[in-house]
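Chains as they are written, first to last, in this note's numbering: chain A, -14 to 79; chain B, 557 to 1333; chain C, 186 to 433.
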């Protein structure tokens, strides 16, 4: 059972930086509330799909069957994404 | 002005999921049968879809001996089978036509990917199977199988590849480079490609229904070929004529790696160029076979582009449909299969329908869309359109031969422009160079294999996160060639600049990453960010996107003379007055996978070290160059291209023929050539043989190869020799040399002030190309 | 060169007899297309050996009982080689058992491969030969088919059926220029005999053979050559025994 902090860390280090090979950036540079797409980190639609695959691989969280709105909502920032993962995994906060 | 032959289709062949020959296929189309069914070739349980359009009961043992099966990937196998049917259909007897120039243009999106996939570990590859993988190998296999000696080219523009191939073949016929052309496409079902479309969430869980309410595409496999001939020859031998290919257009969206321009501007421009080239008016078009994949991104965008071009009223009167519901999306073979089946339908007064259609989706509700049942109709002119990953588009204009022929002339007149080189740039171990390269070569005693160019450092605005090295080198070189030509890309001219790119293997570093993501993890975790780089035209697409070039665009692979072949294609683009400017280039990139391919071809025994990098030339019409007072390096005077059809590659007959063809087109004799620059892969026997043949023919002239200085880049070196030849001519043959073995003459005194040189290159499988360049007379 | 420019299909080429037939026909100038069921290595080595010797030919893998395969393969051969002049139905198996203990499976397996296989190949090739108004079909039977032998009732019956079918086909197609005959080899020096016939039985057979020895595959191949060429002009519906004078 991961804590919300651990989830955020995994998202930043493994899914974003490592998987998407984001250059010249460390986990500390990524603001939790910063938008992931468009302004902010500037990920594009293809990278979004890799994030989806990453969530499945790291957390076992599947996104099939979700509406576009729901996806946009959860994927807004590291915060919202982490919360989404937490709710799926019924994680307890330390 | 000159007259050129009209071009017609005299034979058709096809293998697909709804039939292994044309009768079967048409019969099933009439019944509204789809080939899309539960997948059997590999596991699909973990994917979002479990269906695809596979060939049914394909038994290679019927068509090929075991030894042949070990030589040919399934991609080449499908192509050979359908090409055989087409040849038989045309009733041409190839055996009796050995003196004629019969060539091949193949379009493929995946190449021999099955041969890599089945090894399941790209760190331990075996030579035999790896030698079946390259894209150019598929085309060369077909050409060798049929003993073809004419022009051979492999287009790798993904889902538009075979449309591009049919277009290129049309050029070869109408411009007089070939007497007959086999043109088509082939792609076999691939588990790693399926995994890629899965991770992009592009698959439909049900059989795809283009323009209808369910989103998503269905993948399919198959191959189709047409036989193209000049109309005069076809009439002479009383051949059956399906249709006339009136012309074609190519373009580049330059928008995104996988998604098309949402306004359909790319496909719209391809149609515009196609109609312009054909001399056919938009009012004359009676039917359009659209790309229509069923994905959300494609369908409405495509229709928007078409409606914008034709205008609402006119468009509403043009029948259209997508054949992908019958066959699935056949990727590289899509255009050929869709074109061929449209021709088959038209023979019986019918048009293909978009089957599986329920209710129209938003933006796709048109009365003129043919749904579910084939329609009785007989359009006089029709279009076949296709769009690809990477942004390339192709549109072919054809005339229905069933309709009354009003014109009996077998030729039509066309413009012809002179073509000059106005800009050059290269990026490689020597650094990044704009213009003159000889002086850079002098400073290095030995070739520098690695290219340490960083696009980010050169110009950050051209760079993009995770951009592969091949793209970085190529964008850099293209940018340098533009700068050298003082050609600035603006909104006004972006659709008037062409881009032809040659890469024999693409960015294998990216392919490695993608394949590893599947082999080391599992297919459902395929990397979505590396999948788009699996298609070889992704680099050309990136160049177009970053430099904002949207004109006539193509990407090809020939395996050793790719750069020079691109220059040839660009030369034709300018010559036919399609554009006044065209970038032509090539690129190579080092990787473990590339090294494995070298070993499989014995290229590790080359005398030259392997280089990586990219080179580009800017070609311009003489008229434009003079009007804008651009620097002119040299003029391209003539080109010849042949293929060594037999396995007796030492005979050299075809090599000589290519040279003779180039001299003939340039209207000069061998005596009038001042120097010869030749490109060789450096395998000792071949190197020796090529040098001997050239020395024999050209006696006392300089016969030079620069790969010992620059290293050998499979795609790039051929273009480098054209680059250096142009520079040499520009200097009036006065370039001095310093250290090293480069013996560039310092004592050449020009006769009549005119310098002329010959550049030749052969691919690893005997694809020859010769080009005559000279100072402007 | 008795078979210059002729195209021959030979089935069962990876066995001793089939291989000898291939080489003999190729020596005489024929383009030989060999069919085999499973031994890839042997088949490919014949193909590469042919290439080295400058013979024309290739091998295709498949079962003679698979009509789809036979039909498709013959089409490919016709496309690649232009025509089909000769068919040698040599592929065959045996699965010996005393009749009282023989299972249905054993019976059907041998019968299907030998008789049906020959039947399928012959019927598929006929249209090609008819269209050319000429062609030779040579069916390999066996002395067992002629005389019968213990523990080989299935094998014998299958070969006997082939002889019966040959009779009709020869009659039917003689006027179309087709020569259809059979060859009945005796004890031939191949794996089928060496590995499967018990030593004491073999000695017994040889005692009743005038030649007092096993025949060589090449000697049977010579007979196949005779029946595949123009040399057999007036020979129709014959069972040519190549058995060294075998009495029982």
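The C-beta atom is built at its ideal place from N, Cα and C for all residues, glycine as well.
In the displayed model, residue 365(C) falls within a strand according to three-state DSSP.
About 5 Å separates the beta carbon of residue 1064(B) from that of residue 1150(B), a gap short enough to meet the 8 Å contact definition.
Residue 317(C) does not reach chain B, its nearest Cβ partner there being about 17 Å away, counting only Cβ pairs nearer than 9 Å. Using a Cβ distance threshold of 8 Å, residue 1177(B) and residue 1238(B) do not count as a contacting pair.
In this chain, the beta strand (DSSP E) harbouring residue 1171(B) covers 1169 to 1177.
Nearest Cα to residue 1168(B) within the set 1322(B), 1009(B), 692(B), 1194(B): 1009(B).
The C-alpha of residue 215(C) lies about 14 Å from the C-alpha of residue 204(C). 588(B) is the residue among 1216(B), 855(B), 825(B), 588(B) whose C-alpha sits nearest the C-alpha of residue 901(B). Bridge partners of residue 246(C) according to DSSP: 221(C).
Setting aside the 5 residues that flank it on each side, residue 597(B) is surrounded in the same chain by 610, 745, each with a C-beta closer than 7 Å to its C-beta; the list follows chain order. An exposed status is given to residue 761(B), since fewer than 16 other beta-carbon atoms sit within 10 Å of its beta-carbon.
DSSP places residue 594(B) inside the beta strand (DSSP E), whose first and last residues are 592 to 594. Burial is judged here by how many other beta carbons sit within 10 angstroms of a residue's own beta carbon; residue 999(B) has fewer than 16 and is exposed.
When 7 Å is used as the limit between beta carbons, residue 640(B) is near these residues of chain C: 264, in chain order. Put simply, the CB of residue 813(B) is near chain A, with a gap under 8 Å to one of its CB atoms.
Here the alpha carbons of residue 1100(B) and residue 810(B) stand approximately 5 Å from one another.
Residue 690(B) counts as buried, since no fewer than 16 other beta carbons sit within 10 angstroms of its beta carbon. The C-beta of residue 1088(B) comes closer than 8 Å to at least one C-beta of chain A.
Non-local C-beta neighbours of residue 345(C) in its own chain, meaning closer than 7 Å and more than five positions away in sequence, comprise 330, ordered along the chain. Going by DSSP, residue 724(B) is part of the alpha helix (DSSP H) stretching over 717 to 730. For residue 854(B), the uninterrupted alpha helix (DSSP H) segment begins and ends at 852 to 866.
Contact of residue 615(B) with chain C by beta-carbon distance below 8 Å involves 247, 253, 254, 257. Just so you know, the alpha carbons of residue 1279(B) and residue 684(B) end up roughly 35 Å apart. The DSSP-derived three-state label of residue 675(B) is coil. In the three-state reduction of the DSSP assignment, residue 1249(B) falls in the helix class, which pools H, G and I. Sixteen is the threshold: when 16 or more other Cβ atoms of the shown chains lie within 10 Å of the Cβ of residue 1164(B), as they do, the residue is buried.
Looking at the DSSP output, residue 739(B) shares a beta bridge with 661(B), 782(B).
Under the three-state reduction of DSSP, residue 377(C) is assigned to helix. For the segment 620 to 639 of chain B, the set of positions with a beta-carbon nearer than 7 Å to some beta-carbon of chain C reads 621, 622, 623 in chain order.
A residue is called buried once 16 or more other Cβ atoms fall within 10 Å of its Cβ, and residue 236(C), having fewer, is exposed. Residue 1103(B) sits close to residue 1031(B), with the two beta carbons spaced by under 8 Å. Where residue 196(C) is concerned, the enclosing beta strand (DSSP E) starts and stops at 192 to 196.
Residue contact with chain B for residue 31(A): present (Cβ-Cβ distance below 8 Å to some residue of chain B).
Here residue 640(B) is buried: its Cβ has 16 or more other Cβ atoms, across all protein chains shown, within 10 Å.
Under DSSP, residue 559(B) takes part in a beta bridge, and its partners are 969(B). Per DSSP, reduced to three states, the secondary structure at residue 393(C) is coil, with no helix or strand assignment.
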